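Only one structure is covered here, and it is reproduced in the block below.
Protein chains in written order, with the numbering used here: chain A, 36 to 155; chain B, 62 to 240; chain C, 166 to 531.
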C-alpha cells in the first residue's frame with residue numbers, strides 16, 4: 036500500500052463517516068409513513084391503525100400491511116421481492132422500496148405513539 | 062468491388078476475453094441480494110481494474126461498457142432500472158479510475174496503487190448508482206438512509222477487489238508487448 | 166506490495182498508532198449512534214397527575230430560552246390549582262359545592278360563592294340552549310344509577326318508580342337563574358358539574374399556562390383534550406377513539422389541532438354496565454331518566470373546553486335525530502358522531518380536517 040492509497044482510504048472513510056452523521060439519525064418509533072409512487076407522494080398513513088393497503092404502482096399493485104405500529108410490504112409484483120424481504124419496519128427514518136414497481140414507503144414521526152393525545 | 066474486412070486484432074481479443082470474465086462476475090453478482098434492487102457492490106470492477114493496471118484506461122472503458130451491455134442482456138435487465146443502475150455505476154467507477162490515473166500522472170510521489178484506485182472506484186460505483194436511483198427512479202429520503210451502510214460495504218469491497226486485482230496483476234506479469 | 170521485515174520498534178509504533186486510530190474510530194461511531202437527535206423532544210415537558218377523579222396529562226412545548234425546570238414548576242402549580250378546583254366542585258364533602266348540596270338536601274337555600282358563579286352561568290346557558298339535555302341538576306339521577314361512584318357500580322337498572330320520582334323532582338325543581346348568587350330550596354336536587362367541570366378545568370389550565378408564558382400546550386383530562394399553539398414545527402396531533410375498538414381499529418381518525426381548540430368525546434363506553442343484553446351507560450337523558458339511546462359516541466371540536474364538554478353530552482342525549490339542530494343551537498360546526506348502527510357522520514367543517522383511519526367510512530353532512 037502506498038501513501039497515496041492511505042490518503043485515498045482516509046478520504047473515503049471520512050466521506051462515509053460524514054454521510055453517516057448526515058443521513059443517520061438515532062432511530063425512534065415511527066408514528067406515520069408516507070407512500071410514494073415514482074417519487075410522487077400518494078398518501079400518508081398512521082402507523083397506529085392496523086390495515087392492509089393496496090398501492091397501484093407502475094407494474095401492478097403492491098400490498099402493504101400495517102400492524103402493531105409496524106409496516107411491511109406484503110406483496111409486490113416484482114421479481115426479487117426484495118421489498119417483501121425487508122420485513123417489518125417500525126422506526127422513524129426506516130424505508131423500503133419496490134424499485135421495479137416504483138413504490139416506496141418511508142416512516143417518520145416521533146417517540147411514543149406519535150399522537151399527542153387521544154380523545155375518548 | 063472492395064470488401065471491408067473486420068479483423069480482430071490482439072487488443073480486441075483481450076477486450077473480449079476480459080469482458081467475458083467481467084460478464085460472468087456481473088451475472089453471478091445479479092443473483093446477490095441487495096437492499097435496493099439493482100444496486101450492486103460492483104465485484105465485476107475487479108476486471109476493469111486489472112485491465113486498467115495492465116493495459117490502458119481505453120481498454121478498461123471498453124471492457125466495462127461491454128460488461129454492462131452484454132451482462133444486462135444476459136440477466137434480462139436491459140433498459141430496465143437495473144440496467145441504468147449498472148451503467149451509472151460503471152460510469153462512476155470509470156470516472157474515478159480516470160481521475161485516479163490522472164492523479165498518478167500528476168503526482169507520482171503520492172501514487173495510488175490498485176487498492177487506492179479500487180476504493181475510489183468502488184465508492185464512485187456505489188455513488189453513481191445511488192445518484193441515478195435517487196434522482197431518476199425514487200427520489201425518496203428513505204433511500205438516502207441506506208447510503209452510508211452501502212458505501213461502507215463498497216469501501217470494504219473496494220479494498221478487497223483492490224488486493225485481489227493487485228495479486229492477479231502480479232501473477233499475470235506485464236503484458237506481452239504487442240508487435 | 167512488498168513485505169519487509171520490520172524491527173521491533175517499528176512494530177510497537179505501528180501497534181500504538183493502530184490502537185489510537187481504532188479507538189478514535191470506535192468512539193466516533195459510538196458518538197454517531199448515541200448523539201441526541203437535533204431538534205428532538207427535549208423541549209417537550211410532560212407531566213401526568215391524578216386530579217378530578219381522572220388522569221391529567223399536561224404537555225408544554227417550551228421555547229428554547231424557557232428552562233425546562235420552570236415549565237415543570239408551572240405544571241406543578243397547575244396541579245395544585247386543579248386540586249383546589251376539584252375540592253370546590255366535588256358533589257359531596259366540605260368543598261363549596263358539597264356545602265351547597267348539603268344545604269339543598271336540608272331544604273335550605275344555598276349561597277353560591279362568587280368564584281363559582283361563572284360556571285353556574287355557563288351551565289345554565291347551555292341547559293337552556295339544549296332544552297335540558299345537559300343539566301347540572303341531574304346529580305340525584307346519576308347517583309340513583311350509581312354512575313357517580315366507581316366503587317359501587319350497579320349491575321341492574323334502578324326501579325322504574327325510583328327513576329320516575331327522580332325525574333319528576335328534577336322537572337319540578339327551580340332552574341339555575343341569574344344572578345347566580347344563591348340556589349334553592351330545590352327538593353331532591355343534587356348539583357353535579359361532572360359533565361362540564363373537566364372541560365372547564367382544561368380551559369383554566371391552558372389559561373394559567375398561557376399567563377405564565379407558555380402558549381404551546383396540550384392538556385388531556387382523561388380523554389378530554391384541550392390544546393393551544395403547536396408542538397414545535399408541527400401541530401398537536403390527536404386521535405379520536407373508536408367506540409367499538411378491535412384489533413385493527415383502535416382509532417376512528419386523527420386530527421391536527423388548529424391553534425386553540427378543545428376536542429371532547431362522550432361515549433357510551435366510558436362508564437356502563439350490561440343487563441339483559443342491553444348497555445346502560447352514564448350519559449343519562451334528564452327527561453326520561455334513562456341512558457340516551459341511538460348513538461355510541463359524539464366528538465365535539467370547539468374553541469372552549471367547557472362548552473365542548475357540556476355540548477358532547479347534550480348532543481349525545483339529543484340522539485341521531487336531533488344532534489345536528491342541537492349543534493347549531495349551541496353554535497357548533499365541528500362534530501363527529503357514531504350511531505348505534507356503526508354509521509359515522511361528520512359535519513363538513515370537521516370532515517376536511519380529519520384523517521380517517523383505513524376502513525372507516527364517514528358521511529359528511531352540512
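Backbone N, C-alpha and C fix where the C-beta goes; we use that ideal spot for every residue, glycine too. This one's a predicted model, so the numbers in the text were calculated from it and none came from an experiment.
CB-CB length for residue i against residue j, believed under 8 Å
i	j	result
residue 227 of chain B	residue 180 of chain B	Actually they are not in contact, since the Cβ atoms of residue 227 of chain B and residue 180 of chain B sit about 12 Å apart, beyond 8 Å.
residue 305 of chain C	residue 478 of chain C	Actually they are not in contact, since the Cβ atoms of residue 305 of chain C and residue 478 of chain C sit about 17 Å apart, beyond 8 Å.
residue 104 of chain B	residue 51 of chain A	So it is not a contact: roughly 19 Å between Cβ atoms.
residue 504 of chain C	residue 459 of chain C	7 Å
residue 265 of chain C	residue 381 of chain C	At roughly 37 Å, the Cβ-Cβ gap does not stay under 8 Å, so residue 265 of chain C and residue 381 of chain C are not in contact.
residue 318 of chain C	residue 438 of chain C	6 Å
residue 395 of chain C	residue 384 of chain C	Between residue 384 of chain C and residue 395 of chain C the Cβ distance is about 15 Å, and since that is not below 8 Å, they are no contact.
residue 471 of chain C	residue 368 of chain C	6 Å
Range covered by the beta strand (DSSP E) that runs through residue i
i	result
residue 392 of chain C	389-393
residue 312 of chain C	Where residue 312 of chain C is concerned, there is no enclosing beta strand (DSSP E), given that its DSSP letter is neither H nor E.
residue 292 of chain C	It is not in any beta strand (DSSP E) - residue 292 of chain C instead sits in the alpha helix (DSSP H) that spans 279-294.
residue 504 of chain C	500-504
residue 274 of chain C	Counting along the chain, residue 274 of chain C falls outside any beta strand (DSSP E), and DSSP gives it neither H nor E.
residue 171 of chain B	Taken as a continuous stretch (DSSP letters only), residue 171 of chain B belongs to no beta strand (DSSP E), as it is neither H nor E.
Opening and closing residue of the alpha helix (DSSP H) in which residue i lies
i	result
residue 464 of chain C	Counting along the chain, residue 464 of chain C falls outside any alpha helix (DSSP H), though it belongs to the beta strand (DSSP E) covering 460-467.
residue 166 of chain B	142-167
residue 86 of chain B	71-91
residue 323 of chain C	Run containing residue 323 of chain C: none; DSSP gives neither H nor E here.
residue 81 of chain A	That residue, residue 81 of chain A, is in no alpha helix (DSSP H); its beta strand (DSSP E) goes 75-81.
residue 118 of chain B	118-136
residue 481 of chain C	470-494
Any C-beta of chain A under 8 Å from that of residue i
i	result
residue 221 of chain B	no
residue 401 of chain C	yes
residue 370 of chain C	no
residue 139 of chain B	no
residue 231 of chain B	no
residue 93 of chain B	no
residue 213 of chain B	yes
residue 224 of chain C	yes
residue 182 of chain C	no
residue 220 of chain C	no
residue 114 of chain B	no
residue 444 of chain C	no
residue 361 of chain C	no
residue 328 of chain C	no
residue 309 of chain C	no
residue 193 of chain C	yes
residue 206 of chain B	yes
residue 216 of chain B	yes
residue 272 of chain C	no
Below-8 Å beta-carbon distance, residue i vs any chain C residue
i	result
residue 69 of chain A	no
residue 99 of chain A	no
residue 108 of chain A	no
residue 52 of chain A	yes
residue 143 of chain A	no
residue 121 of chain A	no
residue 111 of chain A	no
residue 155 of chain A	yes
Interface flag, residue i vs chain B, CB-CB below 8 Å
i	result
residue 151 of chain A	no
residue 39 of chain A	yes
residue 135 of chain A	yes
residue 49 of chain A	no
residue 45 of chain A	no
residue 130 of chain A	yes
Residue i CB to nearest heavy atom of the ligand FAD below 7 Å
i	result
residue 217 of chain C	Questions concerning the ligand FAD fall outside what the structure shown contains, since it holds no ligand whatsoever.
Quick check on the DSSP output: what are the complete beta strand (DSSP E) runs of length 3 or more inside the region 370-454 of chain C, in order along the chain? 382-386, 389-393, 402-411, 414-421, 426-432, 437-440, 443-446
Below 7 Å between beta carbons is the criterion; list the residues of the region 234-258 of chain C that meet it against any residue of chain A, in chain order. none
If you measure beta-carbon to beta-carbon, which residues of the region 74-87 of chain A are closer than 9 Å to chain C? 79, 80, 81, 83, 84, 85, 86, 87
Residue ranges of each alpha helix (DSSP H) run of no fewer than 4 residues wholly in the region 184-209 of chain B, ordered along the chain? 202-206
What ranges does the alpha helix (DSSP H) occupy inside the region 206-258 of chain C, keeping only unbroken runs of at least 4 residues that lie completely in it? 233-254
Of the residues that make up the region 472-493 of chain C, which ones have a beta carbon closer than 9 Å to any beta carbon in chain A? none
Mind listing, in chain order, the continuous beta strand (DSSP E) runs of no fewer than 3 residues lying wholly within the region 105-137 of chain A? 105-110, 130-133
Going along the chain, which residues of the region 171-190 of chain B sit with their C-beta nearer than 7 Å to a C-beta in chain A? 171, 172, 173, 174, 176, 177, 180, 181, 184
Which residues, in order along the region 491-524 of chain C, keep a beta-carbon less than 8 Å from a beta-carbon of chain A? 520, 522, 523, 524
Which residues, in order along the region 420-433 of chain C, keep a beta-carbon less than 7 Å from a beta-carbon of chain A? 428, 429, 430, 432
Near-chain A residues of the region 450-472 of chain C - C-beta to any C-beta below 7 Å: 464
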